[in-house]
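J.:
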Amino acid sequence: MKNVTIAVNGVEHRASVEPRLLLVHFLREVVGLTGTHIGCETSLCGACTVLLDGRAVKSCTVLAVQADGRKVTTVEGLAQGDKLHAIQEGFWEEHGLQCGFCTPGVILCSHDLLSRNPSPSDTEIRESINGNLCRCTGYQHIVNAIRSASRKMNKRVPARAAAAR
Amino acid sequence: MARNGKPKAAPKNNGKRNGQAAHWVGKKLKRKEDPRLIQGISHYTDDIKLPRMLYCAFARSPHAHAEIRDIHTDKARAVSGVVGVFTSQDTSGIGMVPCAIQMPDLKVPKHPVLATGRVRFVGEPVAVVVAEDIYAARDGAELVEVDYDPLPVVTDMEKALSEDTPFVHDEFRTNRAFTHALKNGDIASAFKKADHVIKQRMLNQRLAPVAMEGRAVVGEYLPGENRLTIWSATQIPHLLRTQLSVMLGLPETAVRVIAPEVGGGFGSKLNVYREEAIVPWLAMKLNRPVKWAETRRENLACTIHGRDTINDVELALKKDGTILGLRVRILADLGAYHQLLTPLIPQLTALMLAGSYKIPAIDIEIQGVFTNKMSTDAYRGAGRPEATYIVERIMDVAAHELGMDSAQFRFKNFPLSKQFPYTTITGLTYDSAKYQESLKKALQLSAYDSLRRRQKSGWKQGKYYGVGVSTYVEICAIGPSAATPAGGWESGTVRIEPTGKVTVLTGASPHGQGEETTFAQLIADQLGIDPDDVNVVHGDTMAVPYGIGTFGSRGTAVGGTAAYMATQKLKAKMATLAAHLLDAKPADITIGRGRLTTKGNKKSISFGELVMAAYTARNIPPGFEPGMEATHFFEPSNFTFPFGAHIASVEVDGETGEVKIDKYVAVDDCGNVLNPLLVDGQIHGGIAQGLGQAMWEELIYNEDGQLVTGSLMDYALPKAHLLPDFTLERTVTPSPVNPMGVKGVGEAGTIASTPCMVNAVCDALSPLGVRHIDMPLKPERVWRAITHAQASRDEHEQAMAGAVAKSSNSKSGRKTAGRRA
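As they're listed, the protein sequences go chains A and B.
Note that our numbering has the first sequence beginning at 22, numbered continuously upward.
Note that our numbering has the second sequence beginning at 2, numbered continuously upward.
#1: Can you list, in chain order, the residues of its chain whose CB lies under 6 Å from that of residue 149(B), leaving out five sequence neighbours each side?
#2: Can you give me the C-alpha to C-alpha distance between residue 41(B) and residue 221(B), rounded to a whole angstrom?
#3: Taking a Cβ distance cut-off of 7 Å, strictly less, list which residues of the segment 713–729 of chain B are near chain A, in chain order.
#4: In chain A, which residues lie with their C-beta within 7 Å of the C-beta of residue 296(B)?
#5: Does DSSP put residue 152(B) in a helix, in a strand, or in coil?
#6: State buried or exposed for residue 615(B), treating a residue as buried only when at least 16 other CB atoms are found within 10 Å of its CB.
#7: Out of 144(B), 124(B), 109(B), 108(B), state which residue places its alpha-carbon closest to the alpha-carbon of residue 115(B).
#8: Chain A partners of residue 330(B), CB-CB under 7 Å?
#9: Examine chain A for any beta-carbon lying closer than 8 Å to the beta-carbon of residue 54(B), and answer yes or no.
#10: Determine whether the beta carbon atoms of residue 755(B) and residue 691(B) lie at a separation below 8 Å.
#11: Cutting at 8 Å between CB atoms, please list the residues of its own chain near residue 5(B), excluding the five before and the five after it.
#12: Indicate whether the contact test is met: 3 or more Cβ pairs, each with one atom in the segment 262–269 of chain B and one in the segment 204–222 of chain B, closer than 8 Å.
#13: Relative to the ligand HEM, is the shortest distance from any of its heavy atoms to the C-beta of residue 341(B) smaller than 7 Å?
#14: Name the chain A residues that come within less than 9 Å of residue 136(B), Cβ to Cβ?
#15: With the cut-off set at 8 Å, would you say residue 694(B) and residue 750(B) are in Cβ contact?
#16: Quick check on residue 208(B) - is its C-beta less than 8 Å from some C-beta in chain A?
#17: Mind checking whether residue 153(A) and residue 70(A) have CB atoms under 8 Å apart?
#18: One question on the structure: do residue 162(A) and residue 122(A) come within less than 8 Å of each other, judged by their Cβ atoms?
#19: Taking beta-carbon pairs under 7 Å, can you tell me which members of the segment 205–234 of chain B lie near chain A?
#20: Do you know how far the Cα of residue 581(B) is from the Cα of residue 622(B)?
#21: Per DSSP, what kind of secondary structure is residue 37(A) in: helix, strand or coil?
#22: Residues in the segment 506–520 of chain B with C-beta within 8 Å of chain A's C-beta atoms, listed in sequence order?
#23: Spell out the partners DSSP gives residue 368(B) in its beta bridges.
#24: What residues in its chain sit with their C-beta under 7 Å from that of residue 169(B), if we drop five residues either side in the sequence?
#25: Is any beta-carbon of chain A found at less than 8 Å from that of residue 813(B)?
#26: Can at least three beta-carbon pairs, one atom from the segment 506–525 of chain B and one from the segment 455–470 of chain B, be found at a separation below 8 Å?
#27: Where do the N-terminal and C-terminal ends of the alpha helix (DSSP H) with residue 282(B) fall, by residue?
#28: Output yes if chain A places a C-beta closer than 8 Å to the C-beta of residue 698(B); else output no.
#29: Measuring only between beta-carbons, confirm whether residue 263(B) sits less than 8 Å from chain A.
#30: Answer with buried or exposed for residue 514(B), where buried requires no fewer than 16 other C-beta atoms within 10 angstroms of its C-beta.
#31: Compare the C-beta of residue 96(A) with all C-beta atoms of chain B and state if any pair is closer than 8 Å.
#32: Does the segment 127–147 of chain A come into contact with the segment 662–677 of chain B, if we say contact requires no fewer than three beta-carbon pairs (one atom in each stretch) closer than 8 Å?
#33: Quick one: what does DSSP say residue 292(B) is sitting in, helix, strand or coil?
#34: Under a three-way DSSP split, which group does residue 113(A) fall into?
#35: Are residue 192(B) and residue 317(B) close, meaning C-beta to C-beta below 8 Å?
#36: Quick one: what does DSSP say residue 613(B) is sitting in, helix, strand or coil?
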């Protein structure tokens, strides 16, 4: 067994875990956050995508011990109280989900994209979510959702910057 | 939480139904389901965790066909954390996995929950290991040792029907599970009179539904209460409850099935699976809650598959393109066992083989075939995509053969709108349609003429542009009970609570379709209230009256109608009480904007006051039942028949066989629309799934019965960058079958897009002499078709040249022959 300390959505979790424990099982079984879903356990579907130190990773192929001392953001960590994150709003407004199973992974993958590329083209959006499979939507409304989030976030950023000054 | 998309001003009425203004129906309302889903705070079955819960994993057969000599479980039991290992010896008291279909000559093999004596497909469960955590359970499953005696395997349908085949089930002495014929009209004379007979063999490959959430089951048994609760990722909680109570020998009243959040189904969860019985049995046996969640490998190997037919098609035509008759011979690969609806699916194909055309004579023969594979069953469209593929492909092959434009060929053979309701040669009565209108609209939207011009000029420059046309008609709102194995009605209860909030209980069991929103829109309009005040409850057999479930595009058309009808009963009841309280006649009461008002707006009572009066019941008319609740079991009088026309424009690389989708246009008619945003979503997803079949998806078993496409690395689902933006339009032809005039839209996209895409690619390559390519149209397969066509053309040209040369100069003719040798 190994001791790990992982900050999940800003809260530190200490646990003694088997070295083979996957990060996704750590999140779901140890921390008890089940918004991160398991879709294939082989890194192919992207349902388990979370942010590890801000970058999207598929948590079914990261060991909990590899996340020791690092920061993890899951879908549960995006909204601020009652205020949804702009990406979540985008998915709601543009009907970017149907069954919702792949959604947390796609949201976190697009979070990574928008942090690196605040105004992606539709092609860039489609390419960035290539590792996230959705069987319900045909992706078109997902692309609309991410585009809409990008616009919203770009509007808010200058306003926030101005407020800071 | 932000308010749910309420318009700022009172929206304009876009139609009145039953005297009620449509404020919410037809609006692009944001979904009520979404806030919990986008925050990851909803609960799918695998998210359920109960105190003292155990986890299980299955040891499954690596052989497609083998005798089980012995099973050794000692090593598995020795794993730390393993609580028990169970084999068929332990589970023999559990009933057989059910098949709901009856046919005169249907052979129904025994289908025990764990393999008994023999295994018949790769992945068949042999033992189950239960442990304190999933890691220990899987360690244990790896250590279950089974002595197998491998037997000969059959995976090819034609071989399975031949003389020297091994039998999947020895007791039948044949692999022919059933035959089914549908014949009508004078087929012999149709083919005799025909100027042209178009023949084509086409394969419809085996597919995996791949809902993103795999199957999952949790069982909990409380012996004191004699209450078994089963959470399952299912589309049919009530039917599952009935079947599991029989399999487990419990009174149905002791069993509660809950379908919590369900992550997609596409037909794969419209079933009763072995694991759904084993997991609750374990919970009873061990007196602890037990959970099983499928791995993706299990999902691909052991959840039902779809399609898998060989179709020999012959179309008899007059020289002007008029259809005279259609003959189809189908072999349907059923796999090794029957799941719930396995033998039904090819019969649905037969019913829909008239497509959207006037066909005076038809002759269909189907054979269902056992092979050493996982069962096939209902996958999105369930028999109808197979039918549409046959019809729409043969129409295109015929149009090409006759040198007619594909669209014109179809116009020629459509029934006219005034001929509806239209009785087809297969015996169905299509409710309403305007096939001409939808195809015309699709032609306009795709700029069809300019696509054709581009194609012609492209050929001159060695570019292969193709235009694919596909029309379709779908059988939805399944269905009248007489035509279904387990009842085709649906239940709906509407209850106005004392505080005026409304609960809708529906027997439909949505799993992504958004009926918590659309039903709220529907009922809110009927009661003149806000959809935020309507809470739609589904998927819990203790909360909801018996229902059938969600499949076959029936949720809205059958389940929604049940809720609508219940609301009509409730409105009559409200009017009675309001008339009593306001001293008026019930017929003079109108309901709307939160009030009940007498004729001429003289007197009114608020919705809340009226409902409270029904519950306090101190001042009610004689004979008036207190409370405010009504239930309706809606039995549809017919199916509904949505239809449409899709057009795809593609470019095929003649060197590599790669296909690029330039444009995809879909004009669909699903009758009246409750929420356009959700209808678009259904169409988008359906198109993507149908293109998946056309382009990438294929489950492959090798000769030994090994599933060689057993992971998402090998089974290629459509990804975002592979798909274009789809351009959608609608025509609206209300259905007369239900009062809302809705038809259903869950499967339309899947049905139309597969032949549309294949038609486009074959059209692109037609100048090269390519007539047909079997799916999926992977670059390699397209390239082979091009190369093959090129080779036969060269051969033909050389033969022609040789023949010409021979007649003029016998010497050079011999040379040509020598080169070819």
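Cβ coordinates follow ideal geometry from the N, Cα and C atoms, glycine included.
T.: Put simply:
#1: Here residue 149(B) refers to the residue found at position 148 of the second sequence. Closer than 6 Å at Cβ, skipping near neighbours: 64, 67.
#2: The sequence position of residue 41(B) within the second sequence is 40, counting from 1. The sequence position of residue 221(B) within the second sequence is 220, counting from 1. When rounded, the distance between both Cα atoms is 24 Å.
#3: 713, 714, 718, 720, 721, 722, 724, 726, 727
#4: Looking up residue 296(B) in the second sequence gives position 295. The answer, in chain order, is 62.
#5: Within the second sequence, numbered from 1, the residue matching residue 152(B) stands at position 151. Coil, per DSSP.
#6: Within the second sequence, numbered from 1, the residue matching residue 615(B) stands at position 614. Buried, since its Cβ has 16 or more Cβ neighbours within 10 Å.
#7: Here residue 115(B) corresponds to residue number 114 of the second sequence, with the count starting at 1. Answer by Cα proximity: 124(B).
#8: Here residue 330(B) is taken as the residue at index 329 of the second sequence, counted from 1. The premise fails here: residue 330(B) is roughly 32 Å from chain A at the closest Cβ pair, so nothing lies under 7 Å.
#9: The count along the second sequence starts at 1 and reaches residue 54(B) at position 53. The beta-carbon of residue 54(B) is placed no less than 8 Å from the nearest beta-carbon of chain A.
#10: If you number the second sequence from 1, residue 755(B) lands on position 754. If you number the second sequence from 1, residue 691(B) lands on position 690. In this structure, residue 691(B) lies closer than 8 Å to residue 755(B) by Cβ.
#11: For the purposes of this step, residue 5(B) is identified with residue 4 of the second sequence, where counting begins at 1. Only weak support exists for where residue 5(B) lies, its pLDDT of 41 falling under 50; the value from the coordinates is given anyway. Correct list, in chain order: 30, 31, 33, 532, 533.
#12: yes
#13: Absence of the ligand HEM from the depicted structure is noted, as is the absence of any ligand whatsoever, leaving it without description.
#14: The residue given as residue 136(B) occupies position 135 in the second sequence. By Cβ distance, chain A contributes 39, 41, 42, 46.
#15: Locating residue 694(B) in the second sequence gives position 693, counting from the first residue. Locating residue 750(B) in the second sequence gives position 749, counting from the first residue. No, these two residues do not count as a Cβ contact at 8 Å.
#16: Your numbering for residue 208(B) matches position 207 in the second sequence. Answer no: the Cβ-Cβ gap between residue 208(B) and chain A never drops below 8 Å.
#17: The sequence position of residue 153(A) within the first sequence is 132, counting from 1. The sequence position of residue 70(A) within the first sequence is 49, counting from 1. In this structure, residue 70(A) lies closer than 8 Å to residue 153(A) by Cβ.
#18: Counting from 1 along the first sequence, the entry for residue 162(A) is found at position 141. Counting from 1 along the first sequence, the entry for residue 122(A) is found at position 101. No, these two residues do not count as a Cβ contact at 8 Å.
#19: 211, 212, 213, 214
#20: What you label residue 622(B) is simply residue 621 of the second sequence in a count that begins at 1. What you label residue 581(B) is simply residue 580 of the second sequence in a count that begins at 1. One C-alpha to the other measures close to 6 Å.
#21: As a working mapping, residue 37(A) is identified with position 16 in the first sequence. Strand, per DSSP.
#22: 512, 513, 514, 515
#23: Translated into positions along the second sequence, residue 368(B) becomes position 367. Paired residues: 180(B), 332(B).
#24: Within the second sequence, the letter at position 168 stands for residue 169(B). Excluding residues within five positions, the ones whose Cβ falls inside 7 Å are 121, 155, 176, 337, 371, 372, 373.
#25: Walking along the second sequence from the start, residue 813(B) turns up at place 812. Note that residue 813(B) scores 43 on pLDDT, short of 50, meaning its location in the model is unreliable; the coordinates nonetheless yield the value given after this. Chain A contact via Cβ: absent.
#26: no
#27: Position 281 of the second sequence, counted from the start, is the residue given in the question as residue 282(B). Under the DSSP assignment, residue 282(B) falls in the alpha helix (DSSP H) whose first and last residues are 275–287.
#28: Against the second sequence, residue 698(B) aligns to sequence position 697. Residue 698(B) does not count as touching chain A.
#29: Indexing the second sequence from 1 puts residue 263(B) at position 262. Judged by the 8 Å Cβ criterion, residue 263(B) is in contact with chain A.
#30: Against the second sequence, residue 514(B) aligns to sequence position 513. Under this definition residue 514(B) is a buried residue.
#31: Taking the first sequence and counting its residues from 1, the one referred to as residue 96(A) is at position 75. It does; some Cβ of chain B falls within 8 Å.
#32: When C-beta atoms of the segment 127–147 of chain A are compared with those of the segment 662–677 of chain B, fewer than three pairs fall below 8 Å, so the two segments do not count as touching.
#33: For the purposes of this step, residue 292(B) is taken as residue 291 along the second sequence, with counting starting at 1. Residue state, collapsed to three classes: strand.
#34: Locating residue 113(A) in the first sequence gives position 92, counting from the first residue. Of the three classes helix, strand and coil, the one that applies to residue 113(A) here is helix, per DSSP.
#35: The count along the second sequence starts at 1 and reaches residue 192(B) at position 191. The count along the second sequence starts at 1 and reaches residue 317(B) at position 316. Their beta carbons are under 8 Å apart, which means residue 192(B) touches residue 317(B) by this criterion.
#36: As a first step, residue 613(B) is located in the second sequence; it is residue number 612 there, counting from the start. Note: residue 613(B) maps to helix in three-state DSSP.
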